[in-house]
Structures are given as C-alpha cells and as structure tokens.
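Asker: Note that the sequence shown covers residues -11 to 609 in the numbering used here.
For each residue, glycine too, the CB sits at the ideal point set by N, CA and C.
Predicted model, so just to flag it, every value in this text is computed and none were measured.
Next up is a structure, given as structure tokens.
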Amino acid sequence: MKTLFKNLENKHITLKNTKLLPILLITGIFHLIYFIYGFLLTDDPKVFQEYEFHKYYENNLLLIGALTSLLLLIFWIFLMSKQKSFKSFFQFSNRKIFFQFLCYFFISFCLTSFYYSFSIGLMCGIKSNYSNKELAKDIEIVNKAGVFLNFDKAYYSLSNRTYDFPFDKLTSTEISSDATEDYFYNYEDRKYRFWSVKETEETYNEKYRSDNRTVRTKINSDSTKITMISFDSITNVIRNPFDTIPADYLIFKPLPHLKLDTTHTNDFQIGEIIYKENGKIKKAIVEIKNYTNYQLSKAKSYKEYQLNYYNYSSVLIPVKTTIADTNYKFQAEGYHNAHLKKRYNMNKFVHELLNSEDREEQIKKIMADFISLTDKYEIKRNIDAEEWFDLVYNEQSVVRNIIFGTDPNSTDALMTYGTAGYSKKVEDKNPYIDVFSLTSIFHPINNSLKGNLLKKIRSNWNYYLYLAFIYSIIVFVFRISNIKIFITSLILTAVVFIISIGPIDHSKTYFEEVYVQIICLLVLYTSFIVLPYILYKKNKFIFGVLFNLGLICFLPLVYTLLFCVSSLQVLSTKTGSEYFPRYVYNDILTKLGDNLHPILLISGFIFLYYSIPLIKKAITK
C-alpha cells in the first residue's frame, strides 16, 4: 500500500502536495467505524425512543467527532510538513494551485462529516430490521389500544365523537319554545341542542349584471321583493366535514333570538342561510364564528365571516343521516380533513367494538397485543394485560389513579419535580406503562423507512461545508506561510472573532449597537483585504499576516455587507417611532433564502482563485 501511494504521488504531484491518498484512507476507516456504530445501535430497541440526532449530539458522539476531526487535521498538516515550502510548487499554473485548494476542501469535508456516516448507518440498520408493513401493524396496535390508555375526559366529549349517529331525539326540525328535555344533551356543565336542516322551496327570478354577479329576486307571498346576491368566490356550502353540498351561497340572515347554551356563546352566532341546490332555493340553520367587528347586516362579502355551516351546535357529527347519504369524501391534502377521517375511523372501530357480543375477548386481545409490543420495544411497565383489563373494564375501578406515563419533559412536570423526579414519581405508581416513550419510537423508524439518502446529506450540509471551507483555508494558509506568519495569523483571527462578537452595550438601542459593530467590522475586514495589495512589495511579514486574515475573513465580510444592506431595507419599513418593522420583509437576505449559502461559498472560491497571482508575486519578490 505504501509503495502504491508513493508511485502514484510521483506521477501526480498534486497527490504528493496534498497527501490526499493516506488521509482519505485514514478518514474512510473512521467513517466506516461511525457507520457500523450507527448500524449496530439499532439492535437496541430503546434507541428508537429518541430521534437519531439526539443520539449523536447528546451521547458524546459530537465531542468525540470534533476531537477526531481536530486530531486528523493536525496529522494531515504534519504529513504535508515535508513539502512545506510553497516555492516548491508556486511555478504551477493558477488553475493547478486552485485545484490543490479544492482537494484541501474535499479532504476537510471528509474530516468533519462523521455525523453523516453515523446517521446513514442508523437508516440502513432500521431498513434492514423493519419494514413499512411491520410499522403500520405496530401503529395499528397502538391506535386500537389508545382508547384504553387515555382517561382525560376531554377526549370523550361529544365534540370529539364522529360515529355513530344516534341523535334523532336530539334533533328538532322546528325552532319552537315547547321543546322538551329530550331535545337537549347534557354533558358536564354544557348543554347541547341539535338543529337539523330546515328546507323550503322558493320561486325566484334571475337577471345578470355586468360585474358577473347574479341578482336573484324572490317574490314573497305578500308581493314584497328581497334581492339576494351570489358571490362568485363561493362555490360550495359545507354543512359539516362529512357532508359536502354543491350550492351557491346567497345570503346569511342572523337570528339574534337564538342562543347557544354552551361555553362558545360569545364566539358563535346562529342564523339562517339561504342557498341554492339543484336549481332550488333552500334554507338551513347554521352557526357563524363572530370573530370580526362588523355587523352581519353590513357584510360586503362572505369571506368577512368564517361560516362553519354546522347545522347543530359546534359538534362534528352528521344528524339524521348515514355515510351513504353524505358524500363521504376528504381532500388528500390538508391536515384537518385527514385528521377528521382518522378520528371517524377510530370512533367507528370503538363503537363496533363496545357493541359486539364478544367485546371482552376482543379487548383482552387488543391489550395483549399492546403488551407484547411494549416488550418488543423494551418499554417500561409494571402491569400485564389481565391486570390492565380488570382496571379498565371493572366499573368499580378508580381510573384516575392509573398513570399511563405522561411526558416527563412537560412544563408542569419540570416545574414541580424535574425530569428525574417526575419519572420516579410516575414509576412508583401502580400500575404504570411508559406510553410517552412508546409513542416516540415510530418517528425515527418512519423517517428512516421513508427517508432519502440525498435528503439526509442535504439536510444540514451547509454547516459542514462552511466548516470544511474554514479547515481548507487554514491548511492553505499553512502551506503558503512560514510558521511565524501562520501562528500570528491564527492569533489575530481569534482577536478579530472576539471583537466581532464583543459585549453588547445595553444603554444603546438595538440599531445603534448593530450599526456600530457593522461599521467597525466593515473597516476591519476591508483593511485585511485591501492593505495586502498595497504592502506586498514592502514587508513580507505584514503582507503575509494581513493576507491570511483577508482569506479567513472574506466570507464574514460578504455576509456582513449583505446583513448591512438587509438591515437598512428592514429599517426603512419601520412605522412611526417604533424600532420594530413591519412583519412582511422584502430585504435581500429574505429573497436569497437558502441560496445565500452557495453564493457565499462560491464567492470565497472566486476570491481565493484571483488572489493566487498576488501570492506568487509576493513569494518570488
């Protein structure tokens, strides 16, 4: 291997000057070690209870990776020390010298990117041990058992029920004062009343206006005329999430004498909506969210109000209907609709389960499957399926004393006990199942099964590219400088960094503080870049130090310039005497977005390329 490397280096001087082959071989071994560690880590089911980046950044792997990178960088510089003098290859063309810098950059990226090997190892380990089918089956087991794990009564309120439809007696087709208590549903301190759609057929005449709005005039029995306008932007009236009725919205008529006897009284108003369906004018009792300051009678547009189109309180349950009658459709996009569909399917499953003749056997099987799943993923528990069934199914059980594992990192838990104290308090209770850890395991597994290798690499590679650029600049500075200039440059770089992030004077305003620092940094950075072009014929030491600082500080200079321009643009949008600008920005940094990172890196490469002739002039002086 050593002979092969030596022969290749003799044929290709770039390999000799950069020590590319030996350092890549050593770095590759370390990458393989990180990959194997990540791959083998998936054999421990507990690893899935946290995201993979937590495992990397919290288990000393970040520190070990940083130390490994630093030691390899020092070793790499030591290998190149035999070809220390830049004069040994300054006679090469500018392109070849720049190509050597690109090799430095590539090696530096390999030296700093051990996280990728670790996370890719995790991904491959999960894909080799699990499948999408197995994951879906495990999630289904957890979902089925979920109803027996959560004893928060808020989850069992009527507003969360979507199946079945047993509310005939709670429905009134007429708004009358003689309704009995059979028409109301009492839950805790709330009282619900359900209104069905009241339909009436009307005759009307149509004419068209030049603004593309259709004016419909209804002729009442008393010969009076009421004009109703159909707004073009309204194409559908949705009475509830499960009932989509194509219709044109015509007009909303408030019914102030109707009130909701619920906690939402101040947020909702009841009214009568008039709409068109299949060429007929119909009416319905609906609710409207009263979030605006406008009066309903003065509304110029439907969009000034958030119509719910629920024909019964604020409950998500169709009244007097079946699935076949409701055009049961959901949009694929949109979290809300997908969530309602899942809720409906789970409500239907629980309803059929509790009304089945062999419900006890089915519930026991669900609990047994769930307990087996906790064993599979090594979830903490001190209860078995039989004990769980007795506690849940026994009407005499005090379920409030059952703790099935709440998030130990929640605000209340941290303020009261701290994470460790809360975990001990929960585990000391009887019975106990660590549901929080169980529900956390599916995220890393799902992300890995559906993950893309290129996406994984691009997720946070900007930080590693910047770090690689800094490493490569340091190595390049070492190659073109003597040890005295090199050490002086590093010391001054540290001083400049401290000045850049110096203490903030709180007696000044934010913008005064920012612009004072920006001006100082611009003057400082510019001097490092401009002065070398003036001094390179006079003093080689001063030139070398300033030029090295210019190379290192070029990217911060470009970013500082962009930040200065962006801050001025944002400041120009501030209103009144306030320092806070408008929320919508149109500054240069916002426009660039993620394109800022490649622009900075490319500008750094271009600056270094056009600085090579100056280096050669100074060295041959």
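Give the DSSP-derived three-state secondary structure of K121 in the structure shown.
Answerer: As a position in the sequence shown, residue 121 is number 133, starting the count at 1. Helix.
Asker: Helix, strand or coil for I367 per DSSP?
Answerer: By 1-based counting over the sequence shown, the position of residue 367 is 379. Reduced to three states, the DSSP call for I367 is coil.
Asker: For the putative contact between G538 and S469, defined by C-beta atoms under 8 Å, what is the C-beta separation to the nearest angstrom?
Answerer: Within the sequence shown, numbered from 1, the residue matching residue 538 stands at position 550. Within the sequence shown, numbered from 1, the residue matching residue 469 stands at position 481. That belief does not hold up - the Cβ atoms of G538 and S469 are roughly 13 Å apart, past 8 Å.
Asker: Please look up how many angstroms separate the CB atoms of D422 and K368, rounded, as I've assumed it's under 8 Å.
Answerer: As a working mapping, residue 422 is identified with position 434 in the sequence shown. As a working mapping, residue 368 is identified with position 380 in the sequence shown. Going by Cβ atoms, the distance from D422 to K368 rounds to 4 Å, so yes, they are a contact pair.
Asker: Is K268 helix, strand or coil when you go by DSSP?
Answerer: To locate residue 268, count along the sequence shown from 1; it is residue 280. K268: strand per DSSP, three-state reduction.
Asker: Here's a check: name, in chain order, each residue in its chain whose Cβ is nearer than 6 Å to the Cβ of S428, leaving out the five neighbours to either side.
Answerer: Within the sequence shown, residue 428 is the residue found at index 440, counting from 1. Here the set comprises Q37.
Asker: Using only the alpha-carbon positions, how far apart do T161 and K268 sit?
Answerer: On the sequence shown, position 173 is the one that residue 161 refers to. On the sequence shown, position 280 is the one that residue 268 refers to. Its pLDDT being 37, under 50, T161 is placed unreliably in this model, and the coordinates cannot settle the point.
Asker: Starting from Y452, follow the alpha helix (DSSP H) in both directions and report where the run begins and ends.
Answerer: One-based indexing of the sequence shown puts residue 452 at position 464. Taken as a continuous stretch (DSSP letters only), the alpha helix (DSSP H) holding Y452 covers W449 to I468.
Asker: Quick one: is I603 buried, meaning 16 or more other Cβ sit within 10 Å of its Cβ, or exposed?
Answerer: Position 615 of the sequence shown, counting from 1, holds the residue named residue 603. Buried.
Asker: Please list, in chain order, all residues of the same chain as L453 whose beta carbon is under 8 Å from its beta carbon, the five residues on each side excluded.
Answerer: As a first step, residue 453 is located in the sequence shown; it is residue number 465 there, counting from the start. So the list reads F97, H585 and L589, once near-sequence residues are dropped.
Asker: Quick one: give me the first and last residue of the alpha helix (DSSP H) that I14 is part of.
Answerer: Here residue 14 refers to the residue found at position 26 of the sequence shown. It spans L8 to L29 - the alpha helix (DSSP H) in which I14 sits, taken as one unbroken run.
Asker: Distance, Cα to Cα, K330 vs K125?
Answerer: As a first step, residue 330 is located in the sequence shown; it is residue number 342 there, counting from the start. As a first step, residue 125 is located in the sequence shown; it is residue number 137 there, counting from the start. In a straight line, the C-alpha of K330 is about 16 Å away from that of K125.
Asker: Whole angstroms is fine: what's the gap from N343's alpha carbon to V135's?
Answerer: Position 355 of the sequence shown, counted from the first residue, corresponds to residue 343. Position 147 of the sequence shown, counted from the first residue, corresponds to residue 135. Between N343 and V135, the C-alpha separation is close to 15 Å.
Asker: Can you list, in chain order, the residues of its chain with a C-beta nearer than 6 Å to that of N254? Leave out the 5 residues immediately preceding and following it.
Answerer: Mapped onto the sequence shown, residue 254 falls at position 266. Only weak support is given to the placement of N254: the predicted model assigns it a pLDDT of 41, under 50, and the value that follows is read from those uncertain coordinates. Cβ within range, chain order: n/a, list empty.
Asker: Does DSSP classify I429 as helix, strand or coil?
Answerer: Within the sequence shown, residue 429 is the residue found at index 441, counting from 1. I429 falls in the coil class under three-state DSSP.
Asker: Just mark L29 as buried or exposed, buried being the case when its beta carbon has 16 or more other beta carbons within 10 Å.
Answerer: If you number the sequence shown from 1, residue 29 lands on position 41. Buried, since its Cβ has 16 or more Cβ neighbours within 10 Å.
Asker: Can you tell me where the alpha helix (DSSP H) holding S57 begins and where it ends?
Answerer: On the sequence shown, residue 57 is found 69 positions in, with the first residue counted as 1. L49 to M68 is the extent of the alpha helix (DSSP H) around S57.
Asker: Is there contact here, the stretch 106 to 113 with the stretch 470 to 478, by at least three beta-carbon pairs under 8 Å?
Answerer: Verdict: no, contact absent.
Asker: What residue range is occupied by the uninterrupted alpha helix (DSSP H) comprising S101?
Answerer: If you number the sequence shown from 1, residue 101 lands on position 113. Premise fails: S101 is in no alpha helix (DSSP H) and is neither H nor E.
Asker: Let me confirm a value: K7 is counted as buried when at least 16 other C-beta atoms fall within 10 Å, else exposed. Which label applies?
Answerer: One-based indexing of the sequence shown puts residue 7 at position 19. K7 comes out buried.
Asker: Residues in the same chain with beta-carbon distance under 7 Å from Y118, minus the five sequence neighbours each way, listed in chain order, please.
Answerer: To locate residue 118, count along the sequence shown from 1; it is residue 130. Closer than 7 Å at the Cβ level, and outside the excluded window around Y118, lie I433 and L437.
Asker: With respect to the alpha helix (DSSP H) encompassing T377, which residues constitute its N-terminal and C-terminal limits?
Answerer: Walking along the sequence shown from the start, residue 377 turns up at place 389. Before going further, note that residue 377 is Phe rather than Thr in the sequence given. Start and end: A373 to Y381.
Asker: If you check the beta carbons only, do F430 and L137 fall under 8 Å apart?
Answerer: Along the sequence shown, one-based indexing puts residue 430 at 442. Along the sequence shown, one-based indexing puts residue 137 at 149. No; because the gap between Cβ atoms is not below 8 Å, this pair is not in contact.
Asker: Would E596 be called buried (16 or more neighbouring beta carbons within 10 Å of its own) or exposed?
Answerer: Position 608 of the sequence shown, counted from the first residue, corresponds to residue 596. The residue asked about is misnamed: residue 596 is Leu in this sequence, not Glu. Buried, by the Cβ-count rule.
Asker: Do A482 and T100 have their C-beta atoms within less than 8 Å of each other?
Answerer: Reading the sequence shown from its first residue, position 494 is the one you call residue 482. Reading the sequence shown from its first residue, position 112 is the one you call residue 100. Taking 8 Å as the Cβ cut-off, A482 and T100 do not qualify as a contacting pair.
Asker: For D126, name the three-state secondary structure that DSSP assigns.
Answerer: On the sequence shown, position 138 is the one that residue 126 refers to. Three-state DSSP puts D126 in a helix.
Asker: So what's E340 in DSSP terms, helix, strand or just coil?
Answerer: Stepping through the sequence shown from its first residue, residue 340 is reached at position 352. It is helical.
Asker: Output yes or no for whether 8 Å exceeds the beta carbon distance between F27 and C112.
Answerer: Counted from its first residue, the sequence shown places residue 27 at position 39. Counted from its first residue, the sequence shown places residue 112 at position 124. In contact: F27 and C112 (Cβ atoms closer than 8 Å).
Asker: With burial defined as no fewer than 16 other Cβ atoms inside 10 Å of the residue's Cβ, what is the status of N370: buried or exposed?
Answerer: Mapped onto the sequence shown, residue 370 falls at position 382. That one is exposed.
Asker: Whose CA, out of V130, D378, V463 and L59, lies closest to the CA of T362?
Answerer: For the purposes of this step, residue 362 is taken as residue 374 along the sequence shown, with counting starting at 1. For T362, the nearest C-alpha among the options comes from V130.
Asker: Can you find the residues in the same chain that come closer than 8 Å, C-beta to C-beta, to F66, ignoring five residues on each side of it along the sequence?
Answerer: Position 78 of the sequence shown, counted from the first residue, corresponds to residue 66. For F66, where only same-chain residues beyond five positions count, there are no Cβ hits under 8 Å.
Asker: For T56, which residues of its own chain have a beta-carbon under 7 Å away from its beta-carbon, when the five flanking residues on both sides are left out?
Answerer: Mapped onto the sequence shown, residue 56 falls at position 68. Correct list, in chain order: F18 and F102.
Asker: From R467 to L9, what distance separates their C-alpha atoms?
Answerer: Here residue 467 corresponds to residue number 479 of the sequence shown, with the count starting at 1. Here residue 9 corresponds to residue number 21 of the sequence shown, with the count starting at 1. About 18 Å.
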